[in-house]
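Asks:
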Amino acid sequence: MTFKSKVQEVLDAALVEREHLFLIDLSINEANKISVILDGDSGVNLQDCIDISRAVENNLDREEQDFSLEVASAGVSSPLKLVRQYKKNIGRTLKVKTTSSEEIEAKLTMADDEKITLEWQAREPKKIGKGKETVDKKLEIPYENIKEAIVIISF
């Protein structure tokens, strides 16, 4: 069993006990620095990071393989990667870049296993006469057409 697969196994076991948390990224560099990025259905707090760190640390043997460990939460400006992240952010505003280089800033109103639905209002020229009118827009985007999606934080 490789070191990475052992770390993955230990991490998976720790996450099973904490169903509200999920893994965003696990990386191990050549110097055996383990980097774990977590997210949660209702966010990640410091205690969650401590618990996962201890669970991993206590189940790996430093005599067998020396390592360093870093457990962190997904940052506010981190792009969304998993369907579960989209689902937890329904109702929030996203900035989405599509594979066709289109950029849309809109409210996430729905997320299922295949696609997301964005809704926003836009000012467009009137069909008859001069001036502009406000139009409600709605767009469904399959996950494979999303290059990057970031939650917009408004204060």
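Start counting the sequence shown at 0; every next residue gets the next number (numbering that gives the first Met the number 0). We put the CB at the ideal spot given by N, CA and C, even for glycine.
In the structure shown, what three-state DSSP assignment does residue 69 receive?
Replies: strand
Asks: DSSP beta-bridge partners for residue 116?
Replies: Answer is 109 and 139.
Asks: Within 10 angstroms of the Cβ of residue 49, are there 16 or more other Cβ atoms? Answer buried if so, exposed if not.
Replies: Of the residues assessed, residue 49 falls on the exposed side of the cut-off, its CB having fewer than 16 other CB atoms within 10 angstroms.
Asks: Got a sec, what are the start and stop residues for the alpha helix (DSSP H) residue 49 sits in?
Replies: Looking at the DSSP string, the run of the alpha helix (DSSP H) that includes residue 49 is 45-57.
Asks: Could you compute how far the alpha carbon of residue 104 sits from the alpha carbon of residue 134?
Replies: 15 angstroms
Asks: In this structure, what does DSSP give as the bridge partners for residue 11?
Replies: Beta-bridge pairing links residue 11 to no other residue.
Asks: Using DSSP's beta-bridge definition, name the partner residues of residue 122.
Replies: 133
Asks: For residue 80, does the three-state DSSP call read helix, strand or coil?
Replies: In the three-state scheme derived from DSSP, where H, G and I count as helix and E and B as strand, residue 80 is classed as coil.
Asks: Which term fits residue 127, buried or exposed, when burial requires 16 or more other beta carbons within 10 angstroms of its beta carbon?
Replies: The residue in question, residue 127, is exposed, as its Cβ has fewer than 16 Cβ neighbours within 10 Å.
Asks: Give me the residue from 141, 61 and 149 with the minimum Cα distance to residue 106.
Replies: 149
Asks: Report all residues from its chain with a CB closer than 6 angstroms to the CB of residue 35; omit the five preceding and five following residues, and keep chain order.
Replies: 25 and 70
Asks: DSSP puts residue 4 in a beta bridge; with which residues?
Replies: Residue 4 is not bridged to any residue.
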